Each structure stands twice: as structure tokens, then as C-alpha cells.
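Structure, as C-alpha cells:
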Amino acid sequence: MPELPEVETVRRGLDRLIVGRKIRTVLVRESPNSFPNAIADVENFVLNASVMAVGRRGKMLLIDLSSGYTLMTHLRMTGQLVFVGYERFGAGHPSNSLVGRLPDKSTRVAIEFSDDTHLYFNDQRRFGFMKLTPTAEVLNDSFMRRVGPEPLEGTFTAEDFIGRMRRRNNTSVKAAILDQSVLAGVGNIYADEALWAARIHPATRVRNVSDAQLADLLAEIKAVLTLSIDKGGSTNRNYVNAEGKKGSYMDFARVFRRQNQPCLRHPDVLIEKIRVAGRGTHICPVCQVEVIE
DNA sequence: CACTTGACCTGTCCGC
DNA sequence: TGCGGACAGGTCAAGT
2 MPELPEVETV RRGLDRLIVG RKIRTVLVRE SPNSFPNAIA DVENFVLNAS
52 VMAVGRRGKM LLIDLSSGYT LMTHLRMTGQ LVFVGYERFG AGHPSNSLVG
102 RLPDKSTRVA IEFSDDTHLY FNDQRRFGFM KLTPTAEVLN DSFMRRVGPE
152 PLEGTFTAED FIGRMRRRNN TSVKAAILDQ SVLAGVGNIY ADEALWAARI
202 HPATRVRNVS DAQLADLLAE IKAVLTLSID KGGSTNRNYV NAEGKKGSYM
252 DFARVFRRQN QPCLRHPDVL IEKIRVAGRG THICPVCQVE VIE
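Take any residue in the first sequence, count from 1 to its spot, add 1: that is its number in our numbering.
Encoded structure:
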């Protein structure tokens, strides 16, 4: 599921909902990925610790605890982090809502806070993980060492982006912007959206994209990520925020999952779905023409 | 080294 | 209904 806007939406929700709460119990369901740490570490460094801050780097969530440890959490394709407070007992919450049904069969980790509220890590496909790392060693994590700049930070310039893209001159421009070491946070949805906006065919080799086009592409990446954060992210299938609610960006999507619907620039032309870089890819065949040298 | 492909899992959808 | 296959928001380990 989650790309930068979805992970940032979850982060903002958790920042509001769990900071300051103290962990009373942690239940880990058998899973190859969640909590590979020794149980003793969980008991020593998670139980009775309080949540100090919730950060994000690319698609990685960083839940800092008062014990000096961080819960590094990656949602991968279908992960969810949902806080359940007291509302499940209150009026106005339909019993069939996700919040009302948690935990469920895809719950991998259940954290109970000392005030009887809960945080559930749900993950249908079990690609995601939650792992305990000393906060001082978070930056040594292999993902953290390799991940590229945050696209929405002002210090990330077009020159930086062009330089990083040029190292991937021989691959498709879509594969390049999906590469988290080039820049952080772009996934399949926003790659397609930004490439349509910049009028670049996703299969075009980077070497055949001009510097001016790359600068334009970065501007469109920033614009689409910003818009999506504003809409609470995209719910294509499973994504929900920290309150179990869906995002609305898909109502604004211009190409993603709009195959066989008209291009917003060319009402007579239908969006096509093709395969690029091993991923389902949506294009307007008129706006986006592959440049082959 | 750069680049591509398959694997990791579970669930859903589509065609027969 | 049932069954097989393709596909799904990400990343990494192998392969070429």
C-alpha cells in the first residue's frame, strides 16, 4: 500500500494519538517478519516504555521509545497501523468498522497502552515488519543508509535530483524514480501520476530525458505528493490511516487505475495499462510517447 | 557495477 | 461453485 503520502498520514495520526502513552503489553503473532528481536529485548526495552515521537524517513516509520529504542516499522504492501481508543465503546461508531473489528486475523502485533487504548499492526500479506533497534543505531540500518533525499525537503534541489537520475541513465525513468536510493517515497501510484503530469513515457530511458524534463518531473513529483498528503493518501485497496480511515487521493487520480477512461487532456483518448519495470503502469498514449534514440 | 527478474505472502478477481 | 492464473501500494536477493 503505502507510499510517502500514506506513511506521512499515518505518522501524523500516530503523532497525535500515541505520543506520551506508556506501553503495558505487546502481543506478537507468529510471523516471519514482525519482531525478529529476542523476546527478552521486547520485555526489557518495550514494556513500560513511553512513546516519545513518531518520525518518518521515506516509507519507514520510526516510533521512538523512552527506553532509547525505536520501533522501525515498514508497512510494505498491505500493512496498517491503527490506533483504537475508547471510541469502540462509544456511540456513532458502527460495529462493522475496521476499528470495531480489531484485532482481526491479519493482526500481527497488538500493543496495549497503560490507559487501555491499543495500537494494532495489521498486515494481510505479511511483507511488512516492526523491529526493535537502539535509537542511536537507526541510521546504521541498511535501508536507512541507502535511502535517498526526502523530495519535500527544501534542501533537495533539481540539480541533486538530476545528478542522481543520471546515475541510472540506462534504465527506464519509472524504474529510476521507484528506486528509493534515488529519492525517498515514490511508489507505483505517484510514479504514474507524476510521469503523466510531466508528459514522459515511463519506459523512456533516463538518458533520453533532458535535464529540463527531469526538473519538471521533480516538480510534478513534489506536487502530487503534496496534494496526496492533503487528501490523506490513496486507498487503492487496503490502506487506512491511524484511525482506520481511508484516504481520498484516488478520487483525484489522473491515470492510476483509470485504464479505459478518457485522458483528462485528451477526451477522445483512453488511458492504457501497460507493464514497465515489472509493475502495472498507466499512461496516456498521446501525452506520453516513448523516446527511443 | 548496472540492471532485471523472481521471491516473499495472502486475497481477490476474472475466465473457463 | 470450483479451479487456475494473473495481479496487488515494496523491497531485497539472486541472476544476467
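Beta carbons: idealized from backbone N, C-alpha and C, even for Gly.
Model, not experiment: these values are computed from the prediction.
Asked, Found
"Inter-stretch contact (C-beta, 8 Å, three-pair minimum) for the stretch 180-189 and the stretch 145-156", "yes"
"As assigned by DSSP and simplified to three states, the class of ASN52", "The question names Asn, but residue 52 in the sequence shown is Val. Three-state DSSP puts VAL52 in a strand."
"Of the residues GLU31, ARG25, ASN189, the one placed nearest PHE46, counting alpha carbons only", "ARG25"
"Cross-strand partners of HIS75 (DSSP beta bridge)", "MET61, PHE130"
"Nearest-angstrom beta carbon gap, GLU4 and SER190 [assumed within contact, 8 Å]", "Here residue 190 is Ile; the residue named in the question, Ser, does not match the sequence. Yes, they are in contact, since the Cβ atoms of ILE190 and GLU4 sit about 6 Å apart, within 8 Å."
"Best match in SER51, SER67, SER229, VAL110 for proximity to THR74 [C-alpha to C-alpha]", "VAL110"
"Inter-residue spacing [alpha-carbon to alpha-carbon] between ARG238 and LYS247", "9 Å"
"Runs of alpha helix (DSSP H) lying entirely within the stretch 223-287, each at least 4 residues, in chain order", "none"
"DSSP state of TYR87 mapped onto helix, strand, coil", "coil"
"Cβ contact check for the stretch 196-212 and the stretch 172-179: 3 or more pairs under 8 Å", "yes"
"Residue(s) in a DSSP beta bridge with PRO135", "TYR70"
"Nearest-angstrom Cα separation, counted from LEU133 out to ARG30", "16 Å"
"Continuous beta strand (DSSP E) stretch holding ASN45: start and end", "Segment 40-46 is the alpha helix (DSSP H) holding ASN45; no beta strand (DSSP E) there."
"ILE230 and GLU9 closer than 8 Å at C-beta", "yes"
"One or two residues paired with ALA141 in a DSSP bridge", "Note that residue 141 is Asn in the sequence shown here, rather than Ala. In the DSSP output, where bridge partners are listed per residue, ASN141 has none listed."
"Of the listed residues HIS267, ASN34, THR108, VAL27, nearest to LEU82 (C-alpha basis)", "THR108"
"Cβ distance (whole Å) where VAL20 is taken to contact LEU48 below 8 Å", "Going by Cβ atoms, the distance from VAL20 to LEU48 rounds to 18 Å, so no, they are not a contact pair."
"Burial state of ALA243 (16 or more Cβ within 10 Å)", "buried"
"N-terminal and C-terminal residue of the alpha helix (DSSP H) that ALA176 is part of", "174-179"
"Contact under 8 Å by Cβ, LYS223 with PHE253", "no"
"Selection from THR156, ASP180, GLU154 that minimises the alpha carbon distance to ARG165", "ASP180"
"Extent of the continuous alpha helix (DSSP H) run through GLU1", "Outside the shown range of the chain (2 to 294) lies residue 1, about which nothing can therefore be said."
"Residue of ARG169, LEU219, ILE275, GLN125 minimising C-alpha distance to GLU160", "LEU219"
"Segment limits, alpha helix (DSSP H) that includes PHE162", "159-167"
"Enclosing beta strand (DSSP E) for ASP124 [first to last residue]", "119-124"
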